[in-house]
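Undergrad: The numbering used here puts the first residue of the sequence shown at 7, with every later residue one more than the last.
Positions of the beta carbon are idealized from the N, C-alpha and C atoms, including for glycine.
Let me give you the structure first, and then I'll get to my questions.
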Amino acid sequence: MRYLVSVIDDKSNPGSTDRQPAISAFNERLIAEGHWVFAGGLADTGTATVVDNRGGEAVFSDGPFVESKEYLAGVWVWEAPDLDVALKLAAEASKICDRKIEVRPFL
């Protein structure tokens, strides 16, 4: 089963910025154990553009689609045999990257 693993940062209480070596080591382990599918960090929310083409014409607006102190800072896509394994990995990931983690299975 595949899981979307979202890294959630907080503007009022951000995670540490010196975590890249530990995150890289964790990613190498995910690859070695067959859990890695994809990962990527995201630029600051100020760089976001929202596109809404539900009407007669596409509307483009600056910034995130929702204003919040918490925001999506990055994602992983993992392969895991079940939710228990994904949650165990997520607990490690949260500690390693010093941020909240949200785990959601793909349908």
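1. Suppose contacts are defined by Cβ-Cβ distances below 9 Å. Is residue 85 in contact with residue 8 by that definition?
2. What are the residues that DSSP puts in a beta bridge with residue 16?
3. Relative to the C-alpha of residue 29, which candidate in 19, 40, 82 and 94 has its C-alpha closest?
4. Would you mind stating whether residue 12 and residue 78 have Cβ atoms separated by less than 9 Å?
5. First and last residue of the beta strand (DSSP E) that includes residue 110?
6. Could you check the C-alpha separation between residue 91 and residue 61 for me, to the nearest Å?
7. Is residue 8 helix, strand or coil by DSSP?
8. Does DSSP classify residue 23 as helix, strand or coil?
9. Taking only three categories from DSSP, how would you classify residue 85?
TA: Reading off the structure:
1. Here residue 85 is taken as the residue at index 79 of the sequence shown, counted from 1. Here residue 8 is taken as the residue at index 2 of the sequence shown, counted from 1. Going by C-beta atoms, residue 85 is nearer than 9 Å to residue 8.
2. For the purposes of this step, residue 16 is identified with residue 10 of the sequence shown, where counting begins at 1. Looking at the DSSP assignment, residue 16 forms a beta bridge with 76.
3. Mapped onto the sequence shown, residue 29 falls at position 23. Residue 82 is the option with its Cα nearest to residue 29.
4. As a first step, residue 12 is located in the sequence shown; it is residue number 6 there, counting from the start. As a first step, residue 78 is located in the sequence shown; it is residue number 72 there, counting from the start. In this structure, residue 78 lies closer than 9 Å to residue 12 by Cβ.
5. As a position in the sequence shown, residue 110 is number 104, starting the count at 1. Unbroken beta strand (DSSP E) run through residue 110: 106 to 111.
6. If you number the sequence shown from 1, residue 91 lands on position 85. If you number the sequence shown from 1, residue 61 lands on position 55. Rounded to whole angstroms, residue 91 to residue 61 spans 42 Å at the Cα level.
7. Working through the sequence shown from its first residue, we reach residue 8 at position 2. Residue 8 falls in the strand class under three-state DSSP.
8. Residue numbering aside, residue 23 sits at position 17 when the sequence shown is read from its first letter. Here residue 23 sits in coil by DSSP.
9. Your numbering for residue 85 matches position 79 in the sequence shown. If DSSP states are grouped into helix, strand and coil, residue 85 belongs with the strands.
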